[in-house]
Amino acid sequence: MTAETVLSNARIVLADEILEGSLVLRDGFIAGIDAGSSRIGEDMGGDYVIPGLVELHTDHLEGHYAPRPKVRWNPIAAVLAHDAQVATAGITTVLDALRVGMDEDADLTLADIRKLADAIEDSVAQDRLRADHFLHLRCEVSAPDCLQAFASFDQDDRVKLASLMDHAPGQRQFVNLETYAYYYQRKLKLSDRDFKLFCEKRMAESARNSAPNRAVIAAACHERGIVLASHDDATSGHVDEAIEQGVRVAEFPTTEEAARASKAAGLGVLMGAPNVMRGASHSGNVSARTLAGDGLLDILSSDYIPFSLIQSAFFLGDMVEGISLPHAVAMVSKNPAEAVGLTDRGTIEQGRRADLVRVRVDDHVPVVRTVWRQGRRVA
1 MTAETVLSNA
11 RIVLADEILE
21 GSLVLRDGFI
31 AGIDAGSSRI
41 GEDMGGDYVI
51 PGLVELHTDH
61 LEGHYAPRPK
71 VRWNPIAAVL
81 AHDAQVATAG
91 ITTVLDALRV
101 GMDEDADLTL
111 ADIRKLADAI
121 EDSVAQDRLR
131 ADHFLHLRCE
141 VSAPDCLQAF
151 ASFDQDDRVK
161 LASLMDHAPG
171 QRQFVNLETY
181 AYYYQRKLKL
191 SDRDFKLFCE
201 KRMAESARNS
211 APNRAVIAAA
221 CHERGIVLAS
231 HDDATSGHVD
241 EAIEQGVRVA
251 EFPTTEEAAR
261 ASKAAGLGVL
271 MGAPNVMRGA
281 SHSGNVSART
291 LAGDGLLDIL
301 SSDYIPFSLI
311 QSAFFLGDMV
321 EGISLPHAVA
331 MVSKNPAEAV
341 GLTDRGTIEQ
351 GRRADLVRVR
361 VDDHVPVVRT
371 VWRQGRRVA
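Its first residue numbered 1, the sequence shown is counted upward by one per residue in full-length UniProt numbering.
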């Protein structure tokens, strides 16, 4: 039996325009887009209908599993809570970012990460989830166990993206050692002497492990068809290295220099939606608003606040000169989908998946009213 839904009286955000009209959804796909009013179907009341959002980098799941130090929640319950929050924020496709490679002082272990990965797999198999879930492996290449952890996902075809990270002090995100001290010395409650030893150890591990681990993971990703991302590039030299490794996405470049070099090389430049909303990076690096205004931003990620994704798209479309709402919406739908090869979604076109979000804007804040995934209401 054919399942058909008509959404009428909507402001439909297409790739390059906003169309007042109706949508026909049939068997999980967009079957028709019509201009003008319609007396049939579900009345959208003039609300926006946009493509379902696509999230490439969120470690939000870890907060549900480990809500406090040494506290572990049931992994399936954590996945369900995470899924509910991303879906009600308008995210219909999410790459859950799981860290591979743990520092010895890290709160989570590889066993914890495997529990989360298994809980996601089980929840997908049991049709418990509202959003479509894939995996993003956040590879901490300076960690001694990075390759062992990466190998534990060898047979997992849900992995769509892997990022090459190195959070050692004195470089990339933490080129400013004062910022690193503020972030880690306070977090770990270390004395000045112990913090100095901590930094020396991290820098030694980076010098020993980073380059060989990058090479092994890059080769494995190319062999398996996994998209590769750089992370926290700060210089044009970092970007050159990323290009040599076959990187296609530049995650969170920390300087305008790195963002410009990435854009010039054809990499998709990804920045954090919280950065857009705050007007600044939480670690003192380049502003995503500045990059957006300069035409250097392609993809947004909610990072640690799921709702920031839709919020940032409407903010950019409303507040940044030269960025239309369709352009901004593409940064959270079409562009991230295409970056990882999910070309069946991300835009409202006939034949695409009916992943859609109904949005009303109240006092400049987008309010998610309804979410459909493959034509089925999920929120």
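Note that beta-carbon positions come from the ideal geometry of N, C-alpha and C, so glycine has one too.
Return yes when the Cβ of residue 248 is within less than 8 Å of the Cβ of residue 227, no when it is not. As a first step, residue 227 must be located in the sequence shown, where it is residue number 227. As a first step, residue 248 must be located in the sequence shown, where it is residue number 248. Yes.
When you compare only the Cα positions, how much space is there between residue 113 and residue 70? If you number the sequence shown from 1, residue 113 lands on position 113. If you number the sequence shown from 1, residue 70 lands on position 70. So the two alpha carbons sit approximately 14 Å from each other.
Residue of 321, 59, 17 and 18 minimising C-alpha distance to residue 85: In the sequence shown, the residue the question calls residue 85 occupies position 85. The shortest Cα separation from residue 85 among 321, 59, 17 and 18 belongs to 59.
How is residue 124 classed by DSSP in three states: helix, strand or coil? Here residue 124 corresponds to residue number 124 of the sequence shown, with the count starting at 1. Reduced to three states, the DSSP call for residue 124 is helix.
Name the residue from 349, 32 and 275 whose alpha carbon lies nearest to the alpha carbon of residue 316. Indexing the sequence shown from 1 puts residue 316 at position 316. Residue 316 has its Cα closest to that of 275, out of 349, 32 and 275.
Return helix, strand or coil for residue 361, following the three-state DSSP convention. As a working note, residue 361 is residue 361 in the sequence shown. Three-state DSSP puts residue 361 in a strand.
Where residue 37 falls: helix, strand or coil (DSSP): Locating residue 37 in the sequence shown gives position 37, where the first residue counts as 1. Coil at residue 37, not helix or strand.
Neighbour-count burial assignment, residue 258, 16 or more Cβ in a 10 Å radius: The count along the sequence shown starts at 1 and reaches residue 258 at position 258. Residue 258 should be labelled buried.
Three-state class that DSSP yields for residue 286 in the structure shown: Within the sequence shown, residue 286 is the residue found at index 286, counting from 1. It is coil, neither helix nor strand.
When you compare the stretch 89-99 with the stretch 127-139, are there three or more beta-carbon pairs, one atom per stretch, that lie closer than 8 Å? yes
Is DSSP giving residue 70 helix, strand or coil here? Reading the sequence shown from its first residue, position 70 is the one you call residue 70. Of the three classes helix, strand and coil, the one that applies to residue 70 here is coil, per DSSP.
List the endpoints of the continuous alpha helix (DSSP H) containing residue 317. Counting from one through the sequence shown, the residue named residue 317 turns up at place 317. Note, residue 317: alpha helix (DSSP H), 308-319.
Using CA atoms only, rank isn't needed, just tell me which of 42, 277, 34 and 349 is closest to residue 364. Locating residue 364 in the sequence shown gives position 364, counting from the first residue. It is 277 whose Cα lies nearest to the Cα of residue 364.
Mind the definition here: the stretch 158-168 touches the stretch 218-234 only if three or more C-beta pairs lie below 8 Å; say whether that holds. yes
For residue 190 and residue 68, the rounded distance between their alpha carbons: Translated into the one-based positions of the sequence shown, residue 68 becomes position 68. Translated into the one-based positions of the sequence shown, residue 190 becomes position 190. Cα to Cα, residue 68 sits roughly 19 Å from residue 190.
Using only the alpha-carbon positions, how far apart do residue 373 and residue 119 sit? Taking the sequence shown and counting its residues from 1, one reaches residue 373 at position 373. Taking the sequence shown and counting its residues from 1, one reaches residue 119 at position 119. Approximately 21 Å, taken between the alpha carbons.
What first and last residue would you give for the alpha helix (DSSP H) that runs through residue 198? Along the sequence shown, read from residue 1 onward, the residue named residue 198 stands at position 198. Segment 192-224, the alpha helix (DSSP H) holding residue 198.
When the Cα of residue 261 is compared with those of 15, 271, 242 and 333, which residue comes out closest? What you label residue 261 is simply residue 261 of the sequence shown in a count that begins at 1. The option with the nearest alpha carbon to residue 261 is 242.
Just list the residues that DSSP pairs residue 369 with in beta bridges. Numbered from 1 along the sequence shown, position 369 holds the residue referred to as residue 369. Looking at the DSSP assignment, residue 369 forms no beta bridge with any residue, so it has no partner.
Between residue 309 and residue 271, is the Cβ-Cβ spacing less than 8 Å? Translated into positions along the sequence shown, residue 309 becomes position 309. Translated into positions along the sequence shown, residue 271 becomes position 271. For residue 309 and residue 271, no; Cβs fall outside 8 Å.
Using three-state DSSP, classify residue 82 as helix, strand or coil. In the sequence shown, the residue the question calls residue 82 occupies position 82. If DSSP states are grouped into helix, strand and coil, residue 82 belongs with the helices.
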